[in-house]
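Numbering (the numbering used here), first residue to last: 434 to 544. Just so you know, even glycine gets a beta-carbon here, dropped at the ideal spot from N, CA and C. Let me begin by presenting the structure, written as structure tokens, before commenting on it.
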Amino acid sequence: MMSDLDYWQLRLHEFIDTKEIDTIGATDKYNSLTGIGKIRFTTVVNELVQPVLNQYNVDPRYFKLLLDKKMTSKKFTYQRVAIWAEYFHEEGVTPSIGNFDAIVPSYAKFE
């Protein structure tokens, strides 16, 4: 059976679905933290996403709601969060959980 720490480390690797993030650095950060896997995962993901939130002026409270609701979802990836933040910045819409689900990443669309 997979341990708690191994499970959340796997989820971290699933979240990092882009070459823009140093996977080894994120894993090292995860391993250097103390506490249960979920807390380590949340800490590392918040750090990874903060530059995107800053770039698109997204209130971190919206991301916290998203993280709390979506952290175990297979759809919850760095790419989707970046697309979500950019979309709300460009459209001037207030971010929400439901809108995150409605956005299909461009790489998932068929041309």
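{"Asked": "Who are the near neighbours of residue 451 in its chain, counting only those whose CB is closer than 7 Å to its CB and skipping five residues on each side?", "Found": "511, 512"}
{"Asked": "List the whole-angstrom C-beta distance separating residue 466 from residue 476, where the pair is believed to meet the contact cut-off of C-beta under 8 Å.", "Found": "6 Å"}
{"Asked": "Please report how far the alpha carbon of residue 468 lies from the alpha carbon of residue 507, in whole angstroms.", "Found": "23 Å"}
{"Asked": "Assuming the contact rule is C-beta atoms closer than 8 Å, residue 459 and residue 443 should be a hit. Round their C-beta distance to whole Å, please.", "Found": "That pair is no contact at about 13 Å."}
{"Asked": "Could you give the first and the last residue of the continuous alpha helix (DSSP H) run that contains residue 514?", "Found": "511-524"}
{"Asked": "Let me check you understand the geometry: is the CB of residue 536 closer than 8 Å to at least one non-hydrogen atom of the ligand FMN?", "Found": "Here there are no bound small molecules, and the ligand FMN is not part of this structure."}
{"Asked": "Where are the beta strand (DSSP E) runs, 3 residues long or more, that stay fully inside the stretch 434-491, in chain order?", "Found": "none"}
{"Asked": "Using DSSP with H/G/I as helix, E/B as strand and the rest coil, what is residue 508?", "Found": "coil"}
{"Asked": "Could you check how far apart the C-beta atoms of residue 554 and residue 486 are, in whole angstroms? I think they sit under 8 Å.", "Found": "This structure does not reach residue 554, given that the chain is present from 434 up to 544, and the question cannot be answered."}
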